[in-house]
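Chemist: If you're matching them up, the sequences are chains A and B in order.
In short: position in the first sequence from 1, add 1, done, that's our numbering.
In short: position in the second sequence from 1, add 1, done, that's our numbering.
Even for Gly, the Cβ is constructed at its ideal location relative to N, Cα and C.
My structure is below; once you've seen it, I'll send some questions.
Number of protein chains: 2
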Amino acid sequence: MDGNTIVGLLAGFCTTVAFLPQAIKTWRTKSAKDLSLGMYSIFCTGVVLWLIYGILISDLPIILTNMASLTLAFSILYFKLSFKN
Amino acid sequence: MDGNTIVGLLAGFCTTVAFLPQAIKTWRTKSAKDLSLGMYSIFCTGVVLWLIYGILISDLPIILTNMASLTLAFSILYFKLSFKN
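The structure is reproduced here in structure tokens:
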């Protein structure tokens with residue numbers, strides 16, 4: 002694996018795993034008032050499209066990272082819709 | 002442009018532009034209590050790495066979309082650090 006690939010993998014790891022502290026925080030506080038419903042709706046749509054794109058071009062890294070992203074972003078969207086405050 | 006490329010571009014557009022309603026909401030309400038500092042710190046780091054990756058492999062779509070993402074995500078991180086409530 003060359004240096005460029007390592008930078009790319011590290012980049013994908015960060016932008017995917019970033020949603021974990023938000024999901025944990027929202028779950029713990031049960032407060033999602035400041036989270037934008039628009040953001041998580043558009044983001045989840047985008048991640049589903051990335052997943053379809055990964056399947057269309059048979060790219061395993063795109064498929065796997067976006068499955069992880071979708072799980073996290075969809076959890077936050079669910080919390081936003083569930084917690085009324 | 003083939004169908005796959007259109008799906009990929011639409012995916013990238015959604016996951017980038019998704020941060021715009023969050024940035025607008027946080028700016029308007031001046032409230033960032035529910036936003037995770039960890040999320041935006043890790044996410045901004047990841048987007049900077051994507052930008053470096055795009056420059057390393059000379060990929061213009063990666064460079065341009067991540068410049069837009071960085072502007073939006075960094076604004077939200079700045080709001081999180083600025084608005085104390």
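Would Gln23(B) pass as a contact of Ser32(A) if the rule is Cβ separation under 7 Å?
Modeler: If you number the second sequence from 1, residue 23(B) lands on position 22. If you number the first sequence from 1, residue 32(A) lands on position 31. Contact: no.
Chemist: Closest to Leu82(A) by CA distance: which of Thr66(A), Thr27(A), Met68(A) is it?
Modeler: Looking up residue 82(A) in the first sequence gives position 81. Of the listed residues, the one whose Cα sits closest to Leu82(A) is Thr27(A).
Chemist: Going by DSSP in three states, Met2(A) sits in which element: helix, strand or coil?
Modeler: Taking the first residue of the first sequence as 1, we reach residue 2(A) at position 1. Residue state for Met2(A) is assigned as coil, using DSSP reduced to three classes.
Chemist: Three-state secondary structure (DSSP) at Leu36(B)?
Modeler: Translated into the one-based positions of the second sequence, residue 36(B) becomes position 35. Coil.
Chemist: Any beta carbon from chain B within less than 7 Å of Asp35(A)'s own beta carbon?
Modeler: Counting from 1 along the first sequence, the entry for residue 35(A) is found at position 34. Yes, its Cβ sits closer than 7 Å to a Cβ of chain B.
Chemist: In chain order, what residues of the segment 40-61 of chain B put their CB closer than 7 Å to some CB of chain A?
Modeler: Those residues of the segment 40-61 of chain B that come within reach of chain A (Cβ to Cβ, closer than 7 Å) are Met40, Ile43, Phe44, Thr46, Gly47, Val48, Leu50, Trp51, Ile53, Tyr54, Leu57, Ile58.
Chemist: Distance cutoff 7 Å, beta carbons only. Does Ala12(B) sit that close to anything in chain A?
Modeler: On the second sequence, position 11 is the one that residue 12(B) refers to. By this cut-off, Ala12(B) is an interface position.
Chemist: So, at 7 Å on beta carbons, what are the nonlocal neighbours of Ala69(A) in its own chain, with the 5 sequence-adjacent residues on each side left out?
Modeler: Counting from one through the first sequence, the residue named residue 69(A) turns up at place 68. Here the set comprises Thr17.
Chemist: Measure the C-alpha to C-alpha separation of Ser59(A) and Phe80(B) and round it to an integer number of angstroms.
Modeler: Taking the first sequence and counting its residues from 1, one reaches residue 59(A) at position 58. Taking the second sequence and counting its residues from 1, one reaches residue 80(B) at position 79. Roughly 39 Å separates the two Cα atoms.
Chemist: Along chain A, which residues have their Cβ under 7 Å away from the Cβ of Ala19(B)?
Modeler: In the second sequence, residue 19(B) corresponds to position 18, counting from 1. What Ala19(B) touches in chain A: Met40, Ile43, Phe44, Gly47.
Chemist: Can you give the beta carbon distance from Leu65(A) to Val49(A), rounded, assuming they're within the 8 Å contact cut?
Modeler: For the purposes of this step, residue 65(A) is identified with residue 64 of the first sequence, where counting begins at 1. For the purposes of this step, residue 49(A) is identified with residue 48 of the first sequence, where counting begins at 1. Wrong, their Cβ atoms sit about 15 Å apart, outside the cutoff.
Chemist: Establish whether the CB of Lys26(B) and some CB of chain E are separated by less than 7 Å.
Modeler: Among the chains of the structure shown, chain E does not appear; the protein chains present are A and B.
Chemist: Please list, in chain order, all residues of the same chain as Phe20(A) whose beta carbon is under 6 Å from its beta carbon, the five residues on each side excluded.
Modeler: Counting from one through the first sequence, the residue named residue 20(A) turns up at place 19. Counting only Cβ-Cβ distances below 6 Å, and skipping sequence neighbours, we find Leu73, Ala74.
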